[in-house]
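So the structure is just underneath, and the comments pick up after that.
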Ligand code: HEM
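Residue numbers (UniProt numbering): 1 to 98.
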């Protein structure tokens, strides 16, 4: 059963385009991770003001392995640039088999 982990990123002011540019530049950087099944960057409209990074993994362990591997400085998502995100909230789900 796959799991979904959503990272909700708070992005101040007009920083959305810069965030999208950084994701576009790294969109294949997770492709080869064991158990990684894909991600989407969801731009907020209509009331919500956070970007959601929707990620899918084969198992929770696969997600944890990836997260632990790039902990600390290794969340070097932004290549040493100032982060644009001012906050991040994690949500986890199991995909219901219907
Ligand atoms: C659910 C899994 C994920 C977690 C827990 C996570 C965590 C975070 C956190 C805490 C931030 C804000 C801190 C920062 O700006 O450096 C962030 C930003 C970012 N993440 Fe992730 N992330 C996840 C998935 C991904 C994936 C799959 C990608 C694909 C490339 C990615 C690329 C980025 C980029 C480009 C930023 C923007 C950095 C910036 O603000 O300049 N993330 N992520």
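All residues carry an ideal CB built from backbone N, CA and C; glycine is no exception.
Exercise for the section: Given a cut-off of 8 Å, decide if residue 10 and residue 57 are closer than it, judged by their beta-carbon atoms. Expected result: For the purposes of this step, residue 57 is taken as residue 57 along the chain shown, with counting starting at 1. For the purposes of this step, residue 10 is taken as residue 10 along the chain shown, with counting starting at 1. No, the Cβ-Cβ distance between residue 57 and residue 10 is not below 8 Å.
Handout entry: Where residue 37 sits in the DSSP three-state scheme
Key = Taking the first residue of the chain shown as 1, we reach residue 37 at position 37. Strand at residue 37.
Handout entry: Touching by the beta-carbon criterion (3+ pairs, under 8 Å), the stretch 63-72 and the stretch 32-51
Key = yes
Practice task
Whole angstroms is fine: what's the gap from residue 83's alpha carbon to residue 97's?
Solution key: The residue given as residue 83 occupies position 83 in the chain shown. The residue given as residue 97 occupies position 97 in the chain shown. When rounded, the distance between both Cα atoms is 37 Å.
Problem - beta-carbon residue 7 near ligand 1 non-hydrogen atom, thresh 7 Å - result: Counting from one through the chain shown, the residue named residue 7 turns up at place 7. Yes, Cβ of residue 7 sits closer than 7 Å to a heavy atom of ligand 1.
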